[in-house]
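Read through the structure below, which is laid out as structure tokens, and then see the notes.
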Ligand SMILES: Nc1ncnc2c1ncn2[C@@H]1O[C@H](COP(=O)(O)OP(=O)(O)OP(=O)(O)O)[C@@H](O)[C@H]1O
Ligand SMILES: [Mg+2]
């Protein structure tokens, strides 16, 4: 089955064709990063206008490898959580194409789609199949959640109580004048700095169960910047390395704690922050020491893309979870804090 995935929840316009939920035949991403950079964050109105400009060229490029739309079986589109104006552009495009081409439509939850990315890959390097029982860590721009997964059952066992890990990277980068988004640049600058130069707080260390907290760390960086005064410029690599070390330490130590109470075969990590070099290395070492698998998508599939949307769309199509022309967007999900997923499929 060939699924066309469409993603427009934030500042990436993306389309992808995935076969049988696993094999990527095309994956096109048009990022608006440089457009929003001068504002230090995504401007919703500008984002939706650019999705309008990019959507059809991106979809056209994605379907090129399969020849023509008749080969496509299903259209999957992200309908939330995200920026409503941006989501509506992708949804309207998907509805129109489904009607014109006579295809079925499925609605995909963006966060659930991130969790599919580790099991989506190119035919030349087949991706792993999901292990039956595993821990799944979603670390993205808006979410930090630890799940215990057992077959089809997914239980939230930890979540951030304040900022998401990606949000902390972006805010610290802004404080240091490093632009938007901040994760990748902090990751790069960390290589030139000493991670032990500044001892920064690890939120909820040895307390708070498996929950995370990053707001105290963010405040500590702000205070450090104030204390350093003019000396801050030459200290930027050390601040980046020390900050990244604190985030990685928090994520890895809570995952280690979860592994002591839950017997699992693997740790799976997804979302934009899963692209972080230091985090990938530290989580790999933890899993190696515990004798379990560590599964993480290749870096380009960590941040927003449509391959993960098409992949989850296949599963939904197999279960008959189709949407109609009344499909709408939704902006937020209770997944950002503890609790149940209020919009199971966002329909
Ligand atoms: N190498 C990296 N190291 C750390 N963080 C990174 C890296 N690359 C990207 N990020 C962060 O990942 C985030 C973007 O990831 P993602 O696309 O998953 O978020 P989002 O879609 O905005 O949020 P969500 O998926 O929660 O709705 C940004 O916060 C960015 O700074
Ligand atoms: Mg995302």
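Numbering (my numbering), first residue to last: 177 to 523.
The beta carbon of each residue, even a glycine, is placed where N, CA and C say it ideally should be.
Pairing residue 424 with residue 206, the inter-Cα distance amounts to about 29 Å.
Residue 506 carries a coil assignment under DSSP once its states are collapsed to helix, strand and coil. For ligand 1, no non-hydrogen atom lies closer than 7 Å to the CB of residue 496. The chain-ordered list of residues whose CB is nearer than 5 Å to some heavy atom of ligand 2 reads 316, 480. Look at residue 387 here: in three-state DSSP terms it is coil, with no helix or strand label. According to the DSSP secondary-structure assignment, residue 310 is paired through a beta bridge with 325, 442. The shortest CA-to-CA distance from residue 318 to any of 196, 258, 441 is the one to 258. As the crow flies, the alpha-carbon of residue 222 is around 46 Å from that of residue 439. Within 7 Å of the C-beta of residue 354 there is not a single heavy atom belonging to ligand 1. The three-state reading of DSSP puts residue 418 in helix, counting H, G and I together. In the structure shown, residue 181 adopts extended strand secondary structure according to DSSP, grouped into three states.
Around the Cβ of residue 430, a 10 Å sphere holds 16 or more other Cβ atoms; the residue is buried.
For residue 185, the CB falls within less than 7 Å of some heavy atom of ligand 1. Relative to ligand 1, residue 376 has its C-beta separated by 7 Å or more from all heavy atoms.
No heavy atom of ligand 1 is found nearer than 7 Å to the CB of residue 388. The Cβ neighbour count for residue 507, taken over all protein chains shown within 10 Å, is under 16; the residue is labelled exposed. In this structure, residue 185 lies near residue 263, with their beta-carbon atoms less than 8 Å apart. In summary, residue 198 is buried, with 16 or more beta-carbon neighbours lying within 10 Å of its beta-carbon over all protein chains present. With a minimum length of 3 residues, the unbroken runs of beta strand (DSSP E) contained wholly in the region 244-284 fall at 250-256. DSSP, reduced to helix, strand and coil, places residue 425 within a helical segment of the structure shown. With a cut-off of 7 Å, the C-beta of residue 337 is classified as distant from ligand 1, since no heavy atom of the ligand falls inside that distance.
Judged by the Cβ position, residue 505 fails to qualify as a neighbour of ligand 1 at the 7 Å threshold, every heavy atom of the ligand being at least this far. DSSP, reduced to helix, strand and coil, places residue 317 outside both helices and strands of the structure shown, so it counts as coil.
C-alpha of residue 230 to C-alpha of residue 189: approximately 7 Å in a straight line. In this structure, the alpha-carbon of residue 183 lies about 6 Å from that of residue 191.
Annotation for residue 475: 451 place their beta carbon closer than 8 Å to its own, counting only its chain and skipping 5 residues before and after.
At a cut-off of 4 residues, the continuous stretches assigned as alpha helix (DSSP H) that sit fully inside the region 342-385 are 359-366.
Of the heavy atoms belonging to ligand 1, none sits nearer than 7 Å to the Cβ of residue 393. For residue 485, the enclosing alpha helix (DSSP H) begins and ends at 483-494.
With a beta-carbon spacing of about 30 Å, residue 419 and residue 325 fall beyond the 8 Å limit used to define contacts. For residue 193, the enclosing beta strand (DSSP E) begins and ends at 188-195. Taking a 10 Å sphere around the C-beta of residue 286, we find 16 or more other C-beta atoms and assign the residue as buried.
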